[in-house]
Amino acid sequence: EMEAGFETAVRRLEGAPLVGEVRTVGLTAAVAIAPDRLAADPSLPAKVVGAALRHGVATRVLRGHAIHLSPAFTITEGEVDTLVDGLGAAFEDVAGVTAS
359 EMEAGFETAV RRLEGAPLVG EVRTVGLTAA VAIAPDRLAA DPSLPAKVVG
409 AALRHGVATR VLRGHAIHLS PAFTITEGEV DTLVDGLGAA FEDVAGVTAS
């Protein structure tokens, strides 16, 4: 029931700084760091995870190049938006630091 809304919300990250590919399956998503940016700074995924936590989003690095999202099946639409907004803010934070 939540899958379509989750995918739509996560796909909002496709235009975020540093983001390459976004993949979803059910209520699971992987938001990959753009390959050129990852090659320039392999620590970007870990930096995004740290920034996400500061925005209230607990996540992890997936396979060294992507950020993993796997919320509880009881998540609400509003919580999905909060999750995606927090992760988007984390990408913006890290992009702002690496651009300097």
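So in this note's numbering, spot 74 of the sequence shown is number 432, and the numbers just go up one at a time.
For every residue, glycine included, the Cβ atom is placed at its ideal position computed from N, Cα and C.
Keep in mind the model is a prediction, meaning the values are calculated, not measured.
Would you list the residues sitting across from R418 in a DSSP beta bridge?
H426
Using a threshold of 7 Å, state whether the C-beta atoms of V452 and A409 are closer than that.
yes
Assuming P375 and E450 form a contact by the criterion Cβ under 8 Å, report the distance between their Cβ atoms to the nearest whole angstrom.
So it is a contact: roughly 6 Å between Cβ atoms.
DSSP three-state label for A363, please.
The amino acid occupying residue 363 in the given sequence is Gly; Ala does not appear at that position. In the structure shown, G363 sits in a helix (DSSP, three-state: H, G or I).
Where does G454 sit, in a helix, a strand or coil, going by DSSP?
helix
Here's the rule: buried if 16 or more other CB atoms are within 10 angstroms of the residue's CB, otherwise exposed. What is G454?
exposed
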